[in-house]
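Keeping their order, the protein sequence lines are chains A and B. Sequential numbering from 1 applies to the first sequence in the working numbering. Sequential numbering from 1 applies to the second sequence in the working numbering. Please read the structure below before turning to the comments.
2 protein chains.
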Amino acid sequence: MVKQFYQAGQLIFLEGERARGIWFVVSGLVRIVKQSSTGRIQTLCALNRGRCFGTCPLFSSEINPATAEALEPTTLAVLPQTAFKEVSRQRPALALILLSVYGQRLAQLAHLSEALGTWSTADRINNCLLTYADYGAANPVVRLTHEELARLSGTVREVVTRHLAQLEKSAIVQAQPRLIEILNLGVLQSTWLCKAATP
Amino acid sequence: MVKQFYQAGQLIFLEGERARGIWFVVSGLVRIVKQSSTGRIQTLCALNRGRCFGTCPLFSSEINPATAEALEPTTLAVLPQTAFKEVSRQRPALALILLSVYGQRLAQLAHLSEALGTWSTADRINNCLLTYADYGAANPVVRLTHEELARLSGTVREVVTRHLAQLEKSAIVQAQPRLIEILNLGVLQSTWLCKAATP
DNA sequence: CCCCTGATGTGATTTAGATCACATCGCTGC
DNA sequence: GCAGCGATGTGATCTAAATCACATCAGGGG
Chain A
1 MVKQFYQAGQ
11 LIFLEGERAR
21 GIWFVVSGLV
31 RIVKQSSTGR
41 IQTLCALNRG
51 RCFGTCPLFS
61 SEINPATAEA
71 LEPTTLAVLP
81 QTAFKEVSRQ
91 RPALALILLS
101 VYGQRLAQLA
111 HLSEALGTWS
121 TADRINNCLL
131 TYADYGAANP
141 VVRLTHEELA
151 RLSGTVREVV
161 TRHLAQLEKS
171 AIVQAQPRLI
181 EILNLGVLQS
191 TWLCKAATP
Chain B
1 MVKQFYQAGQ
11 LIFLEGERAR
21 GIWFVVSGLV
31 RIVKQSSTGR
41 IQTLCALNRG
51 RCFGTCPLFS
61 SEINPATAEA
71 LEPTTLAVLP
81 QTAFKEVSRQ
91 RPALALILLS
101 VYGQRLAQLA
111 HLSEALGTWS
121 TADRINNCLL
131 TYADYGAANP
141 VVRLTHEELA
151 RLSGTVREVV
161 TRHLAQLEKS
171 AIVQAQPRLI
181 EILNLGVLQS
191 TWLCKAATP
């Protein structure tokens with residue numbers, strides 16, 4: 001298992017490349033993106049400490065279906081494909097864990113597809129705020145720029161800026177450069193709870 | 001393994017329900033959908049003979065992340081969850097096959113997310129035509145109504161109708177009720193090849 | 001045959017939200 | 001201090017596409 005360090009903005013692997021192994025986030029933040037020919041970018045998910053990625057192609061096409069990029073200075077650990085196959089042969093339980101990870105990832109992408117296909121941009125931005133908030137502090141905080149938030153929610157910066165201004169006017173969030181503090185979690189949740197989960 | 005028969009339009013399971021097992025399509029057509037509170041529906045994928053579904057929750061949340069619906073009169077085979085776990089214990093290779101299926105499914109949803117997030121509706125409709133065409137005949141045919149096509153591509157019927165009229169004027173497709181014949185595959189592919197794959 | 005219903009075709013209108021075009025603002029390096 | 005750059009704020013357009021509102025068409029059952 002090899003440790004690797006990446007700068008903010010550095011690409012880890014590209015869509016279409018042959019997969020090299022399975023990656024674990026030791027520290028930092030990684031996002032998985034799809035870029036279309038028109039240059040627009042859709043972020044599929046962002047991954048922090050402890051999460052893994054690059055797993056899709058391990059058992060099927062061998063080709064990365066998307067691009068991975070470091071959002072912050074990030075340390076990763078890579079388990080090369082051959083080593084991974086070795087380990088998984090020795091420990092069959094690993095496959096079950098991976099299946100569970102895959103299942104969650106599928107559910108999350110299904111959710112994203114629903115959001116992109118049927119929600120308004122405002123709803124998608126709210127959803128992203130909730131999804132990427134750090135719930136550690138007294139008030140949840142989102143450490144992303146408007147630009148990054150826009151790409152996560154499938155829109156453009158200006159729309160995010162305007163929507164956040166709106167939320168700030170309603171005292172639902174408190175915006176600072178590169179950081180959004182959520183003051184009223186309940187309101188945000190209520191707008192999207194009615195969309196998402198059926199209990 | 002139990003065989004079950006469903007009418008066109010009948011729901012097989014609902015999002016949020018506890019998963020009962022893994023399903024195989026023996027004949028007919030099934031679609032996996034997400035429905036938002038506003039009533040709009042996003043179809044995630046359509047599955048024909050030989051494909052399986054309902055697999056996501058088997059190893060993680062136990063909750064179906066989406067709804068499954070029969071589009072045609074459809075015969076399914078169900079392997080209950082307990083039986084499935086039994087089989088997978090006896091045959092570890094099964095897990096690897098499932099991982100491969102999951103990987104493909106993930107790649108497909110990643111692709112859908114890109115399409116929904118960054119493509120124009122026209123591109124998405126073209127993409128759906130190619131994805132859901134039956135390539136058996138001389139000319140590929142798509143056996144879907146405009147309504148169904150709209151839900152697969154995340155738009156509304158009128159837009160599909162208009163776009164198909166456009167394609168028909170350019171002699172790229174030949175439309176008949178409930179059936180679209182693709183006359184010029186190359187043109188359709190060229191519009192989306194430049195979006196999708198990097199070789 | 002005719003009525004009914006589901007599938008289509010098509011215009012007119014509306015609007016969310018993408019684009020463009022700048023103005024600030026705050027930090028970093030020199 | 002100030003030049004420069006990345007993040008943000010904001011107005012003024014522009015436009016793809018959703019919505020609304022009908023007309024038509026084709027098949028199936030009684």
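Cβ coordinates follow ideal geometry from the N, Cα and C atoms, glycine included.
With the criterion set as a beta carbon lying under 8 angstroms from some beta carbon of chain B, the members of the stretch 112 to 135 of chain A are Leu112, Ser113, Glu114, Leu116, Gly117, Thr118, Trp119, in sequence order. Bridge partners of A/Asp134 according to DSSP: A/Val141. For B/Ser190, none of the residues of chain A pass the 9 angstroms Cβ criterion, the least Cβ distance being about 12 angstroms. A/Gln90 sits in a helix when the DSSP states are folded into three classes. For the stretch 49 to 63 of chain B, residues whose beta-carbon sits nearer than 9 angstroms to a beta-carbon of chain A comprise Thr55, Cys56, Pro57, Leu58, Phe59, Ser60, Ser61, Ile63.
Between the stretch 32 to 43 of chain A and the stretch 83 to 90 of chain A, the count of Cβ pairs shorter than 8 angstroms is below three; the stretches do not touch. A/Thr38 sits in coil when the DSSP states are folded into three classes, being neither helix nor strand.
The Cβ atoms of A/Tyr132 and A/Leu152 sit closer than 9 angstroms to each other. Residue-level contact by beta carbon holds for A/Lys34 and chain B, with a gap shorter than 9 angstroms. Put simply, the backbone Cα of B/Ala150 is about 20 angstroms away from that of B/Val187.
Here the alpha carbons of A/Ile172 and B/Phe24 stand approximately 46 angstroms from one another.
Contacts with chain A at 9 angstroms (Cβ-Cβ) include B/Leu98. Taking A/Ala77 as reference, the option from A/Cys56, A/Arg49, A/Leu71 with the minimal CA-CA separation is A/Arg49. No Cβ of chain A is located within less than 9 angstroms of the beta carbon of B/Ile12. By the criterion of a C-beta distance shorter than 6 angstroms, A/Arg51 is surrounded in its chain by Val25, once the five residues flanking it on both sides are discounted.
Separation of the CB atoms of A/Ile63 and A/Arg31 is rounded to 19 angstroms, and the pair is thereby denied contact status at 8 angstroms.
Interface annotation, A/Ala68: not in contact with chain B, CB-CB separation never under 9 angstroms.
When DSSP states are grouped into helix, strand and coil, A/Arg162 belongs to the helix group. Shown here, A/Thr118 sits in a helix according to DSSP, grouped into three states.
Think of a sphere of 7 angstroms around the beta carbon of A/Ala110: the chain B residues whose beta carbon falls inside it are Lys34, Leu44, Pro65, Ala66, Leu109, in chain order. Here B/Phe59 carries a coil assignment [DSSP, helix/strand/coil].
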